[in-house]
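Numbering (full-length UniProt numbering), first residue to last: 1 to 768.
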C-alpha cells in the first residue's frame, strides 16, 4: 500500500485495538474470578472412561511429499518438497535433499483462516467476490494457468494465496485431506488448557463485535490471538480500503485481481505487526496485575459471589419476563429442528470413528495371526498409535460433518456459516479416536508380560478391544451431548441478545450502581445480563438433549447412566511414561547417543504410508504436454539459464529423465518413493544459474540421476533405512509472514554453500 495510506490505516488499526484492549481488560478480571471460583468449588461432571494422551504427536511428521508450487514473482511452476510436521505447519523445501541436509525452507505457512480449493472456478469466484467495484463477468481468463487438472489452492480473505498442483486425482485427494487437517488444527489456535486468557479473549471478541451490532457466529475466529485480532481489524478496514483503492485499480481483470491480492496482503502484514505489539502489551499488563487480583478474589470470594447474585436478581427481574416471551415465540419451536440437524451428521461421524478404530485393530489382530505374533506387534502398534492423526484414514469420519445443513434455520438465527460447528465436531472426533487408541495400547502394554504365545496375544487384543469400545461409547455420548448443548447456545444466544437489545440494552447502565467499587473488576453488568438470557433458554435446551437421549435414535446414553470407577487403576496407568513400542519389543537397546537416536526416531515412524503405485514419469510428461497443446501460453519474461519453470521446460526435463539409462538397483530402491512424477535432485554444490547439466532445479535432476518408474504420492517412513537417516528438526512455522528475504542457508554447522537454494524472484517466506 502507498505511504499515503499507511498512516490512516495505522490510526484506524490503533483505534480498533484500543477499544478491543479495553474489552479484554474487563473480561480478564471476570475470567480470573471464574477460574478461581471453579478451582475452589469444582464441578460434578461425568468422569471420562478413556485415557487422554498428553503429547499426541511429539517428534512425528504428519506427511511429506512432492508437489508443484506456482511462484507469483516469476510466474513459474516449481517442484517443491513439502513437509507437514507435528505442529501442522506447511514447510516447503527446494527439494528433498535440502530437507535432509537441514537447509532453510523456502516457505513456512500457518494455514489458519485458509480455505482449500480444488478447482480454478471455485478460486475465481472467491477472488471476484472480494474484488473492489463491479464483479467481473463469469468466463474471464483465470488469474493463473495450471499445468495439470488437479490444482490445490489455499485462499484467504486477506492474506496472500498459495497455488499448488499434483499429477493425479488420488494425489489431490490425499493432499486435500492433509491441508484440511492443517487448517482444522491451526484454526483451533487458542490453547484450550488456558483457563483465564482464552475465555477472556473470546469473550472480548464477542463483546466487541456485539458493540458494533454484529451478532451470530464469526467465520474468522481462526488461529491464535494475534491472527484473530488481525482478522477483526481487517473486517473493519477492508470496506474503507475498497472504497479508497477500488477506483484506482486499472488494467485487465487479471491484473486488478493480482494487484488487489497484493495490497490486501501488504495491509494484513502491517495490521498483524501492529496488532501483535499492542496485544502483547495489554497481555503483559494484565499478567502483572494478576497476583494482586487473585489475592483480592481469594480474600473476598464470598462477598463477590453475594454481590454478583444480588445484581443478577435485579437484572433477572427486569429481563427474564421479556426473554421468556422471546424464547417461547422465536426459539423454542425450532430447538428440536436445530438439534436434529446437528445430531444426524455428528453421530454418524462418531460412529464412523468407532468403525475405523474397530477395523484397524481387527485387521492388526488378523495380521498378527498370519505373520508371526509379537515380532509384528511393534510395527502394527506404531502405526495404530498415530491413527487419529492420519488425515486420509480419518477423512471418512470428517466427511460425515459435510452433511450438516441448517437450511432456513441458518438465516433465521443469523448463522453466517456452519463451518464453526463442523470443525469443532471434527476436532472432537480426532480427540476421541486418539483417546481410544491410547487406552487400547495402555491396556495391551499392561498385558504383555502375562501372554503365552500368539493365541494368547490375539485373545487379549480382542478382549481389550471390547473393553475400549464400551468406554468409547460412553465417552462419545458425553462428548456429543456437551457439543449439542454448546452448539444450541451458540446459535440461540446471539439471536436472543439481538432481539432483546432494543428494549433491554439501553437500560443496563442503571444496574452499575449495584456493584461495589472494590469488586468492579470481577463483576460486569453486561456479562451478568448475558447469563440471565442464557438461563432463559438453557432449560429448553437441556430438555431437548435429554429427550433425544431417551429416544436412543443416535446411540446416546441417558444422563442417569453414569459409569463410576469401572477401571479404578486405568487412569494411574495413563500417568506413566509414554509407551515406546520399538524399545519394548524391538530387541537390544540402541548404543547410539541419545540426540542421534531421537533425531532418527522421528523418521522411523510415519503417520501416512502409501500402499499404491503412483504416476510414472511418462504420464506426467504427457499431462504437461497436453496442457500446453490445449491452452496457448501467454508471453512471459525470459527465465535465467538453467531455471526450468514453465510448463514446456518442466515437460522437457521430465522427457530427458525418461530417456536416461538406469543404474544399479540399490540407487533405484532408495529413490523410488519420490513423488508427483518428478525427480528430486541429489546433487550438491550447484545453483540454478549454472548450465543445464549441473542445474539443481524444480522438475529436473542431475544427468547421472536414476530414472524411476512408479513414484509414491507422498511418504515419510519409506525413505532410506533408519541407520542411514538423520531426521532434521522440522522448523516451527512462525506466527507471522515476514516477507521475502534472500536465503543464505547452508548445511547446519557448516560453511558449505547450499545446494540449489538460490532462485531469482523467490526467497524465504514465513506465513502467519
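Ideal placement from N, C-alpha and C gives every residue a C-beta, glycine not left out.
Because the structure is a prediction, the values reported are computed rather than measured.
From the listed residues 174, 537, 130, the smallest Cα separation to residue 159 is found for 130. Residues 532 of the same chain have their beta carbon placed closer than 6 Å to that of residue 316, with the five preceding and five following residues left out of the count.
Residue 432: member of the alpha helix (DSSP H) spanning 419-447, first to last residue. Its chain contains no residue whose beta carbon lies nearer than 7 Å to that of residue 287 once the 5 sequence neighbours on both sides are disregarded.
Exclusion of the five residues before and after residue 256 leaves 131, 249 as the residues of its chain whose Cβ lies within less than 7 Å of its Cβ. A Cβ-Cβ distance of about 24 Å is found for the pair residue 266 and residue 187, leaving them out of contact under the 8 Å criterion. Just so you know, the alpha carbons of residue 358 and residue 550 end up roughly 26 Å apart. Here residue 369 is not bridged, per DSSP, to any residue. Residue 228 sits close to residue 221, with the two beta carbons spaced by under 9 Å.
Setting aside the 5 residues that flank it on each side, residue 479 is surrounded in the same chain by 428, 432, each with a C-beta closer than 7 Å to its C-beta; the list follows chain order. Comparing alpha-carbon positions, the option among 407, 167, 156 lying closest to residue 67 turns out to be 167.
Taking 8 Å as the upper bound for CB-CB distance, residue 475 and residue 50 are in contact here, some 5 Å apart. When DSSP assignments are scanned along the region 30-105, the uninterrupted stretches of alpha helix (DSSP H) that are 4 or more residues long and fall wholly within it turn out to be 96-100.
For residue 151, the uninterrupted beta strand (DSSP E) segment begins and ends at 150-155. The beta-carbon separation of residue 489 and residue 541, rounded to 7 Å, stays under the 8 Å limit for a contact. Here residue 483 is buried: its Cβ has 16 or more other Cβ atoms, across all protein chains shown, within 10 Å.
In the same chain as residue 88, and ignoring 5 residues on each side of it, the C-beta atoms closer than 8 Å to its own belong to 62, 111, 181, 182, 185, 186, in chain order.
Distance between residue 40 and residue 296, taken at the CA atoms: about 14 Å. With contacts defined by Cβ atoms closer than 9 Å, residue 24 and residue 282 form a contacting pair.
Spatial neighbours of residue 58 in its own chain (CB-CB distance under 7 Å, excluding positions within 5 residues in sequence) are listed in chain order as 86.
Secondary-structure assignment with DSSP links residue 320 through no beta bridge to anything. With three or more CB-CB distances shorter than 8 Å, the region 326-333 counts as touching the region 495-503.
Rounded to whole angstroms, the Cβ separation of residue 312 and residue 199 is 19 Å, and the two are not in contact under 8 Å. Distance check between residue 387 and each of 98, 356, 412 places 356 closest, using alpha-carbon atoms only. In the DSSP assignment, the residues bridged to residue 117 are 153. Bridge pairing for residue 532: absent [DSSP].
Looking at the DSSP output, residue 163 sits in a beta bridge with 153. Between residue 92 and residue 79, the alpha-carbon positions lie close to 10 Å from each other. The closest CA to that of residue 178, considering only 410, 83, 481, is found on 83. Judged by DSSP secondary structure, residue 109 falls outside any alpha helix (DSSP H) and instead within the beta strand (DSSP E) spanning 107-109. Exclusion of the five residues before and after residue 477 leaves 556, 557 as the residues of its chain whose Cβ lies within less than 6 Å of its Cβ.
For residue 127, the secondary structure class from DSSP, reduced to helix, strand or coil, is helix. With respect to the C-alpha of residue 408, the residue from 338, 510, 289 having the closest C-alpha is 338. If you draw a straight line from the Cα of residue 119 to the Cα of residue 379, it is about 38 Å long. The Cβ atoms of residue 504 and residue 279 do not sit closer than 9 Å to each other. In the DSSP assignment, residue 410 falls within the unbroken alpha helix (DSSP H) covering 408-412.
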